[in-house]
Structure formats: structure tokens, C-alpha cells
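For reference, the structure is listed below as C-alpha cells.
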Amino acid sequence: MKNDIQNIVILTGAGLSAESGIPTFRSKNGISYWESTDNAGVPFFHRVEDVCTPEALARNPALVHRFYDERRTTLATVSPNPAHEALAALDAAWPGELLIVTQNVDDLHERAGAKRLIHMHGELQSALCAACGKAVPWTQALPPGTVCMGCGQPRLRPDIVFFGEMPYQMDAIDEAVRHADLFVSIGTSGAVYPAAGFVQTARHVGARTLELNLDPSAGSIYFEDSRLGPASQLVPQLVRELLG
Ligand code: NAD
372 MKNDIQNIVI
382 LTGAGLSAES
392 GIPTFRSKNG
402 ISYWESTDNA
412 GVPFFHRVED
422 VCTPEALARN
432 PALVHRFYDE
442 RRTTLATVSP
452 NPAHEALAAL
462 DAAWPGELLI
472 VTQNVDDLHE
482 RAGAKRLIHM
492 HGELQSALCA
502 ACGKAVPWTQ
512 ALPPGTVCMG
522 CGQPRLRPDI
532 VFFGEMPYQM
542 DAIDEAVRHA
552 DLFVSIGTSG
562 AVYPAAGFVQ
572 TARHVGARTL
582 ELNLDPSAGS
592 IYFEDSRLGP
602 ASQLVPQLVR
612 ELLG
């Protein structure tokens, strides 16, 4: 695996954090749900369209803000798992270029120690002003109408890239993928674009492509190599191979 590889891009998704106790999306009849639990611990589901779109935020800001408040609160109860830790160790030790691009909005990569990291879909612990565009660190509840300290408008919202919005730092990501020798996708369903298309760019420039996932994903056919299993086992094994 190590021969001739200098530049690595690693795309991570919700499956990486699943073993830390953060639920992934579930799909039924073509509709995606995000699983939650009520105060009594009983599971229920949020439709993606109700909590992850600009239209949902305009229609029912209280629901959308509460949904992300709950996810932000959950962060205190979870910890990085061996997959996050292995990627942080790779980041620290890899002498060539390396970029971890995560679709996850949790902070488990950075809590494990990863530094070369882009949160392309935003972060739970950040608030974004819909009026002036300034983002600020945010660890508390974020009620609708919270005033932005920068411009004074009551327009702070969760700093999450909703479906239909442009992911962050696409130029930097594209540049890294175009120079990759190895592109690895971990724990992502391959259903959410533009992230799902990175593998095709990587192949176009001649990078090796590897998918690690619990089940074959929608994009599996685009990868040269696929390994199936839990990220907490597959990722440390891959990092051992890369670091020798
Ligand atoms: P997804 O929920 O659509 O797919 C998760 C994938 O992970 C599936 O293919 C599943 O087979 C795989 N998986 C589940 N458990 C695994 C494990 N233990 N080891 C390896 N793979 C495992 O997630 P996605 O593709 O990342 O897209 C969902 C969107 O939802 C993203 O944009 C993300 O922002 C958001 N999301 C984020 C979080 C988070 O921050 N932790 C959680 C859920 C959803």
C-alpha cells in the first residue's frame, strides 16, 4: 500500500462516528431519516427535509435550532473511537501531504488530535450569521433570533451546510484531490454530492482509490478497492499499513 504514495486525501462520513454513538442517516423507501431519541430514550426519526434544508430553517426555525442544539449537547457524551485516533496518528506521522475532509459536523477528529482537517459540511460548535456571514465558535444552545456580535442582526443560525447550500472550502479540497496519490473514503454512503464525486476526480488524476465501509455504498463501483467492516477495525489496520 505504501509504495509511491506521497499525497493522501481521506474523506470521512457519519459511519466513522457511528461507533462513538452518533447515529448515521437511515434510509427507507428513498427517504432519509436522522435517528434521535426522546427524553425517555425512545428512538424516533427526523426527516432530512425537516431539519437539513434552508426551507426547513425558514419554515420552522425553532425545530431546526432545537435539532442542532440536541446534537451539540450530545457531543459531551461521546468520545473519539479508534478510527478517529488512527487517522490523527496518521496525520501526525505522515511526511507527505495529507488532508482529512470530513462531512461530519461533530468534533471527534479534532478531539482525537487531527490537524490537517476540513469540515466541508460545517460544525455543530459554530454559529453562522445569516446576515453578515461571520462564523463564531458556539458551544451553548442557539435559540432562533440570537444576535450576531459582529453586525447586531438577530440572524445567528447553526453553521451547518444544508442540502442545496455550497459546502465549505471546495477549492482547497479540489486542489488536494487533484494532487492525491491515494484517495480513501471511510464510512460514507456515497449518496451526498459533491463529496460522492471526489472519487471520480481522484481516479481521473490516477490516484489509487480505496473505500472502507460497513456495507457496499452507492459509490462502491467507482473504487478500485473496497474493504467491508467496522471503521474501528479497518482504519487502524490501514494506518498500520501506511506507516509501516
Ligand atoms: P450516511 O449516514 O448517509 O452513511 C453512513 C455510511 O456509514 C453508510 O454507508 C454505512 O454503511 C456506513 N457505516 C455505518 N456504520 C459504520 C461503521 N461502524 N464503520 C464503517 N462504516 C459504517 O452518512 P454520510 O455519507 O456521511 O452522509 C450523511 C450526511 O449527514 C453528511 O453530510 C453529514 O454532514 C451528516 N451527518 C453527520 C453526522 C456526524 O457529524 N457524525 C451524523 C449523521 C449525519
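Position one of the sequence shown corresponds to residue 372 (our numbering), numbered consecutively onward.
Backbone N, C-alpha and C define an ideal beta-carbon position, used for all residues, glycine too.
{"query": "Just list the residues that DSSP pairs residue 575 with in beta bridges.", "result": "The partner list for residue 575 (beta bridge, DSSP) is empty, contrary to what the question assumes."}
{"query": "In three-state terms, what does DSSP make of residue 481?", "result": "helix"}
{"query": "In whole angstroms, what is the alpha-carbon distance linking residue 437 and residue 472?", "result": "27 Å"}
{"query": "Less than 9 Å between the beta carbons of residue 435 and residue 493, yes or no?", "result": "no"}
{"query": "Where does the unbroken beta strand (DSSP E) through residue 496 begin, and where does it stop?", "result": "493–500"}
{"query": "Would you call the region 535–551 in contact with the region 440–453, where contact means no fewer than 3 C-beta pairs closer than 8 Å?", "result": "no"}
{"query": "Is residue 374 near ligand 1 - that is, is its Cβ less than 8 Å away from at least one heavy atom of it?", "result": "no"}
{"query": "With 16 as the cutoff for other CB atoms within 10 Å, does residue 476 come out buried or exposed?", "result": "buried"}
{"query": "Establish whether the CB of residue 602 and some CB of chain D are separated by less than 9 Å.", "result": "You won't find chain D in this structure, because it holds only one protein chain."}
{"query": "What residue range is occupied by the uninterrupted beta strand (DSSP E) comprising residue 596?", "result": "596–599"}
{"query": "Just to confirm, are residue 551 and residue 522 a CB contact at a threshold of 9 Å?", "result": "no"}
{"query": "Using the beta-carbon count (16 or more within 10 Å), is residue 490 buried or exposed?", "result": "buried"}
{"query": "Alpha carbons only, please: which of 517, 487, 386 is nearest the one belonging to residue 557?", "result": "386"}
{"query": "Under three-state DSSP, which class holds residue 470?", "result": "strand"}
{"query": "Let me have the residue list for ligand 1: C-beta closer than 5 Å to any non-hydrogen atom, ordered along the chain.", "result": "384, 385, 386, 388, 389, 390, 393, 395, 396, 474, 475, 476, 477, 492, 558, 559, 560, 563, 584, 585, 586, 588, 601, 602"}
{"query": "Specify the secondary structure class of residue 421 as computed by DSSP and reduced to three states.", "result": "helix"}
{"query": "Helix or strand or just coil, what does DSSP make of residue 555?", "result": "strand"}
{"query": "What do you reckon, is the C-beta of residue 554 under 8 Å from a heavy atom of ligand 2?", "result": "Absence of ligand 2 is noted for the structure shown, with ligand 1 being the only ligands found."}
{"query": "In the DSSP assignment, what are the bridge partners of residue 383?", "result": "473, 557"}
{"query": "Are the region 592–608 and the region 570–580 touching, with three or more C-beta to C-beta distances below 8 Å?", "result": "yes"}
{"query": "In whole angstroms, what is the alpha-carbon distance linking residue 520 and residue 530?", "result": "15 Å"}
{"query": "Could you have a look at residue 490 and say whether DSSP puts it in helix, strand or coil?", "result": "strand"}
{"query": "Comparing C-alpha positions only, which one of 575, 554, 599 sits nearest to residue 380?", "result": "554"}
{"query": "Is it the case that the region 448–464 contacts the region 415–430, given that we only count it when at least three CB pairs across the two stretches are under 8 Å?", "result": "no"}
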